[in-house]
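A.B. asks: Quick one: the structure is below, and I'll ask about it shortly.
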Amino acid sequence: MRAKTFQGGVHLHYHKEATASKPIVDMPEPKQVILPVQQHIGAPAEVCVQVGDEVKIGDVVAKAKGFVSASVHASIAGKVTAVGPMPHPGGRNVMAVTIENDGSGATSFAAGKELDALSGDELKQLMQDIGLVGMGGAGFPTHVKYYPPEGKKIETVILNGAECEPYLTCDHRLMVEEPEKVILGLQAMMKAAGTDDGYIGIEVNKPDAIEILTKAAASDPRIKIVPLEVKYPQGEEKMLIHAITGKVVPAGGLPVDVGIVVNNIATAVTLAEAILEGKPLISRIVTVTGAVKNPQNLRVRLGTSVSELVDYCEGFTGTPGRIVLGGPMTGPAQYRLDLPVIKTTSGVLVQDRGQIKLLESSPCVRCARCVDVCPYNLMPCLIGCAIEAGDLAQAESLGIMDCRECGSCTFVCPASRPIVQTIKYAKAKIAAQKRKNS
Amino acid sequence: MLDTQVVVSPAPHIKDVITTEKAMKMVMLALLPATLFSVIAFGFKALGLIVCSMVFAVATEYTIQKALKKPVTVYDGSAALTGLLLALTVTPELPWWMIAVGAVVSIGLGKHIFGGLGYNMFNPALIGRAFLLASWPVAMTTWSWPSKALGWAGNQVDAVSGATALNLEKMGMLKTLNLEIPYANLLWGNISGSLGETSAVLLLIGGLYLIVTKVIDWRIPVSFLGTVFVLSLVFQKDPIFQVLAGGIFLGAFFMATDWVTSPVTKKGRIYFGIGCGVITMLIRIFGGYPEGVCYSILIMNAVTPLLDRLTVPKRFGEVKAHA
Ligand code: SF4
Ligand code: SF4
Numbered sequence: 544m545r546a547k548t549f550q551g552g553v554h555l556h557y558h559k560e561a562t563a564s565k566p567i568v569d570m571p572e573p574k575q576v577i578l579p580v581q582q583h584i585g586a587p588a589e590v591c592v593q594v595g596d597e598v599k600i601g602d603v604v605a606k607a608k609g610f611v612s613a614s615v616h617a618s619i620a621g622k623v624t625a626v627g628p629m630p631h632p633g634g635r636n637v638m639a640v641t642i643e644n645d646g647s648g649a650t651s652f653a654a655g656k657e658l659d660a661l662s663g664d665e666l667k668q669l670m671q672d673i674g675l676v677g678m679g680g681a682g683f684p685t686h687v688k689y690y691p692p693e694g695k696k697i698e699t700v701i702l703n704g705a706e707c708e709p710y711l712t713c714d715h716r717l718m719v720e721e722p723e724k725v726i727l728g729l730q731a732m733m734k735a736a737g738t739d740d741g742y743i744g745i746e747v748n749k750p751d752a753i754e755i756l757t758k759a760a761a762s763d764p765r766i767k768i769v770p771l772e773v774k775y776p777q778g779e780e781k782m783l784i785h786a787i788t789g790k791v792v793p794a795g796g797l798p799v800d801v802g803i804v805v806n807n808i809a810t811a812v813t814l815a816e817a818i819l820e821g822k823p824l825i826s827r828i829v830t831v832t833g834a835v836k837n838p839q840n841l842r843v844r845l846g847t848s849v850s851e852l853v854d855y856c857e858g859f860t861g862t863p864g865r866i867v868l869g870g871p872m873t874g875p876a877q878y879r880l881d882l883p884v885i886k887t888t889s890g891v892l893v894q895d896r897g898q899i900k901l902l903e904s905s906p907c908v909r910c911a912r913c914v915d916v917c918p919y920n921l922m923p924c925l926i927g928c929a930i931e932a933g934d935l936a937q938a939e940s941l942g943i944m945d946c947r948e949c950g951s952c953t954f955v956c957p958a959s960r961p962i963v964q965t966i967k968y969a970k971a972k973i974a975a976q977k978r979k980n981s
Numbered sequence: 003m004l005d006t007q008v009v010v011s012p013a014p015h016i017k018d019v020i021t022t023e024k025a026m027k028m029v030m031l032a033l034l035p036a037t038l039f040s041v042i043a044f045g046f047k048a049l050g051l052i053v054c055s056m057v058f059a060v061a062t063e064y065t066i067q068k069a070l071k072k073p074v075t076v077y078d079g080s081a082a083l084t085g086l087l088l089a090l091t092v093t094p095e096l097p098w099w100m101i102a103v104g105a106v107v108s109i110g111l112g113k114h115i116f117g118g119l120g121y122n123m124f125n126p127a128l129i130g131r132a133f134l135l136a137s138w139p140v141a142m143t144t145w146s147w148p149s150k151a152l153g154w155a156g157n158q159v160d161a162v163s164g165a166t167a168l169n170l171e172k173m174g175m176l177k178t179l180n181l182e183i184p185y186a187n188l189l190w191g192n193i194s195g196s197l198g199e200t201s202a203v204l205l206l207i208g209g210l211y212l213i214v215t216k217v218i219d220w221r222i223p224v225s226f227l228g229t230v231f232v233l234s235l236v237f238q239k240d241p242i243f244q245v246l247a248g249g250i251f252l253g254a255f256f257m258a259t260d261w262v263t264s265p266v267t268k269k270g271r272i273y274f275g276i277g278c279g280v281i282t283m284l285i286r287i288f289g290g291y292p293e294g295v296c297y298s299i300l301i302m303n304a305v306t307p308l309l310d311r312l313t314v315p316k317r318f319g320e321v322k323a324h325a
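As given, the protein sequences belong to chains W and X, one line each in that order.
Counting from 544, one number per residue, gives the positions in the first sequence under this note's numbering.
Counting from 3, one number per residue, gives the positions in the second sequence under this note's numbering.
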């Protein structure tokens, strides 16, 4: 079958060799976890424990506040030692619950069930109860997607197995090692959505995952495995939908506008584990890679400090120059390591100091490379120049709000212009203006 | 804890290898075969012109940037490239001081008056050439033949040495003198003409290299050459001759494709190439000059902002234009 894809995009060096064939390793429980109340898009959860409380693994420590929010569960058993603002991968300090491990490993999971025993509504409730969010990086509360707005209907559920960010292999390993859970998670999502149409899109650089999942899905003809061309940003929601179904999500619209919901592989596996074992979202797979001595895919309790992950991988090789949480195209760079792994932390990428070239930005030479690669058919160069000239209205008419911040334009710019960076800044400014005016 | 300073820059944290500087060097590399050929064919006077043009171009940029207290960017190679391109558009017979003036004009008027690389509206090398042609029309059109030392003697057109094939064609002399059209000579470069426009094959090799490495887009050269070919048929001219003769290959692959002065949209680039082709042919057929490549590209440079505006691509998922 021919691999499907989208228009534009860039071919990157993937650098996945270091961890692609390494089985997931369970990292031992840490002595302490720090669980921020904001690990998702939406309202922060509300802390519902106090200093001194004893908690078991799976207890809710912060409750979802409102519909677009997600609860946070204790990822280790022990005593709550602090409730207060703590450093957060997002950059600012965020309210967090600190738990000291008592080593008991006591759990308070619900009883495991069969998928058949759960109704669609119960599954949606389950997503909400376990604090499930998009684990690919966006962190949007999953259950929200399964309550389509009035007049819209979900016809198709797509699992995103593209993993188009370089270096990351956490989803790849899950597909290879836990294919039944991937399929079960998708089946549960289809049931929650009330549809019989399911897809898993996988880039062809993961032939083992394609083969294993094709086998695992053989007994369920409703599920189709779709090989995708290796190209960034293949896993970007709207590009994935276009590649797989040919449908075009309207600019400014959501996938549900064309009857589609997209979820990440890790999200599906977490849902499957919640069904089978009653386990809420308390751990995730993190690819620790780059300039570390022993790059690995680790199963990590949420709230574990990033520095412990690095130590577990035997520390840095050489001098670290940049620490990125997530992939190199979109992940935020960090200046400290005492940050907790949260629900959206897909990777820890260490770049060696020698690897980092800080190129000075020069004027746009109108080479149009950015125009050629923008998957949304924008003209990043003109948007960038409009922002530089302070003309936000012009930037808006050039479609700046359609930009999905994939970073392809900045990647290819020979003048090293920080295009996506200025776009992000201008988008925030435009959004703030709109709020003020309304 | 982290006991060392790390870089905290916004994503993306990886970068493609092509930089402006590298691209300029690749264009110069692509021009190398044609440049070497011109030196072999026309001898040291060609080499002198090339070196002189490049040195003056770079020196002008350096001086202007120093004087304006701007960062000096001569290392990006773009001034050197402008100098090289200018030299390739002139006759080997041009006095060296004239090309020096042309180089100064290219960089000064063609580039820095607009604010430097990226802000110039017109192709700087062509501004220089247009200036020279307007100032010293005779010197700019005194042609000569490639060195006989190459053993290429015995050419029929030798009788009227000093005119380019396009001149002869324009004056209707190819027919009057009952000469054969020297296709092979046009292709390989044994023909009178400017330094760089003689060997179509070598220019084509360089152009293909740039297209394959994605430094330039195929759309401009293809639409340019295609238009010249089609219009030749329409006006009952010999299309192969029209495409091979004169500066079309140099113009289509190396001048019209200049990043700064050509459209950024794909559609815009096609219209740009067609426009270049149409104007070139109009000048060749109806104009006062035998050759129109230079002016056609300059005119289309001026139209570039308009083309960009008219060919804004439809955005992904764009819902009907805002009412
Ligand atoms: S403009 Fe936005 S969507 Fe387009 S390439 Fe740049 S970051 Fe990606
Ligand atoms: S890639 Fe950079 S230099 Fe090229 S057109 Fe875009 S912004 Fe300008």
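Using N, Cα and C, we set each Cβ at its ideal position, and we do this for glycine too.
Remember, predicted model here, so these are calculated numbers, not experimental data.
What does K17(X) reach in chain W if we use C-beta pairs closer than 9 Å?
C.D. replies: K900, L902, T953, F954, V955, C956, S959, listed in chain order.
A.B. asks: DSSP on A59(X), reduced to helix/strand/coil?
C.D. replies: In the displayed model, A59(X) falls within a helix according to three-state DSSP.
A.B. asks: Looking at the secondary structure, which residues open and close the beta strand (DSSP E) in which T832(W) lies?
C.D. replies: 826-833
A.B. asks: Answer yes or no: do I866(W) and V8(X) have a C-beta to C-beta separation smaller than 8 Å?
C.D. replies: In this structure, V8(X) lies closer than 8 Å to I866(W) by Cβ.
A.B. asks: For a test of the three-state rule: what should DSSP assign to H616(W), helix, strand or coil?
C.D. replies: strand
A.B. asks: Along chain W, which residues have their Cβ under 7 Å away from the Cβ of K68(X)?
C.D. replies: The premise fails here: K68(X) is roughly 18 Å from chain W at the closest Cβ pair, so nothing lies under 7 Å.
A.B. asks: Should I962(W) be listed as close to ligand 4, given that the test is whether its C-beta is under 7 Å from any heavy atom?
C.D. replies: Ligands displayed in this structure: ligand 1 and ligand 2; ligand 4 is not among them.
A.B. asks: Within 10 Å of its beta-carbon, does Y297(X) have 16 or more other beta-carbons around it, so buried, or fewer, so exposed?
C.D. replies: buried
A.B. asks: Looking only at its own chain, which residues have a Cβ that is under 6 Å from the Cβ of T22(X), when we skip the five neighbours before and after it?
C.D. replies: D78
A.B. asks: Does DSSP classify I577(W) as helix, strand or coil?
C.D. replies: Strand.
A.B. asks: Is the shortest distance between the beta-carbon of V805(W) and the beta-carbons of chain X less than 8 Å?
C.D. replies: no
A.B. asks: First and last residue of the alpha helix (DSSP H) that includes R716(W)?
C.D. replies: 713-720
A.B. asks: Please list the terminal residues of the continuous alpha helix (DSSP H) segment that includes G104(X).
C.D. replies: 98-110
A.B. asks: Report, in whole angstroms, the separation of the C-beta atoms of Y689(W) and A736(W), which I expect to be a contact under 8 Å.
C.D. replies: 6 Å
A.B. asks: Look up S850(W) in the DSSP assignment and say whether it is helix, strand or coil.
C.D. replies: helix
A.B. asks: Counting only beta-carbon atoms, is C905(W) nearer than 8 Å to chain X?
C.D. replies: First, the residue type needs correcting, since residue 905(W) is Ser and not Cys in the sequence shown. Output row for S905(W): interface = yes.
A.B. asks: Considering only residues of the segment 837-925 of chain W, which uninterrupted alpha helix (DSSP H) runs meet the minimum length of 4 residues and lie entirely inside it, listed in chain order?
C.D. replies: 849-855, 912-916
A.B. asks: Can you list, in chain order, the residues of its chain with a C-beta nearer than 6 Å to that of C713(W)? Leave out the 5 residues immediately preceding and following it.
C.D. replies: I828, T830, N840, S889
A.B. asks: Whose C-beta lies closer than 8 Å to the C-beta of S826(W) among residues of the same chain, with five residues either side of it excluded?
C.D. replies: S618, R842, V843, R844, L845
A.B. asks: Would a check of beta-carbon distances place R317(X) closer than 8 Å to chain W?
C.D. replies: yes
A.B. asks: Note down, one range per segment and in chain order, each alpha helix (DSSP H) of at least 4 residues found wholly within the segment 21-82 of chain X.
C.D. replies: Taken in chain order, the unbroken stretches of alpha helix (DSSP H) that lie wholly in the segment 21-82 of chain X and span 4 residues or more are 22-44, 46-69.
A.B. asks: Any beta carbon of chain X sitting closer than 8 Å to that of T873(W)?
C.D. replies: yes
A.B. asks: In three-state terms, what does DSSP make of R545(W)?
C.D. replies: coil
A.B. asks: Can you pull out the residues from the segment 266-280 of chain X whose beta carbon lies closer than 7 Å to at least one beta carbon of chain W?
C.D. replies: V266, T267
A.B. asks: Taking the Cβ atom as the reference point for each residue, do K734(W) and L658(W) lie within a distance shorter than 8 Å?
C.D. replies: yes
A.B. asks: Is T263(X) near M123(X), with beta carbons less than 8 Å apart?
C.D. replies: yes
A.B. asks: Can you grab the Cα-Cα spacing for the pair V107(X) / L901(W), in whole Å?
C.D. replies: 34 Å
A.B. asks: If I'm right that A546(W) touches P770(W) with Cβ under 8 Å, what's the distance once you round it to whole angstroms?
C.D. replies: 5 Å
A.B. asks: For S614(W), which residues in the same chain have their Cβ closer than 6 Å to its Cβ, ignoring the five residues on either side in sequence?
C.D. replies: A588, V603, K606, A607, G674
A.B. asks: Would you identify the three-state DSSP class for T624(W), choosing helix, strand or coil?
C.D. replies: For T624(W), the three-state secondary structure derived from DSSP is strand.
A.B. asks: If you measure from the CB of P957(W), is any heavy atom of ligand 2 nearer than 7 Å?
C.D. replies: yes
A.B. asks: Given 8 Å as the limit, is there contact between the segment 246-256 of chain X and the segment 203-219 of chain X, that is, 3 or more CB pairs closer than that?
C.D. replies: Proximity of the segment 246-256 of chain X to the segment 203-219 of chain X meets the contact definition, three or more beta-carbon pairs being nearer than 8 Å.
A.B. asks: Of the residues that make up the segment 622-636 of chain W, which ones have a beta carbon closer than 7 Å to any beta carbon in chain X?
C.D. replies: none
A.B. asks: For K781(W), go through chain X and note every residue whose CB falls closer than 9 Å to its CB, in chain order.
C.D. replies: What K781(W) touches in chain X: F318, G319.
A.B. asks: Count the other CB atoms within 10 Å of the CB of A876(W); is the residue buried (16 or more) or exposed (fewer)?
C.D. replies: Around the beta carbon of A876(W), 16 or more other beta carbons sit within 10 angstroms, so the residue counts as buried.
A.B. asks: Name, in chain order, the residues that DSSP records as bridge partners for N125(X).
C.D. replies: In the DSSP output, where bridge partners are listed per residue, N125(X) has none listed.
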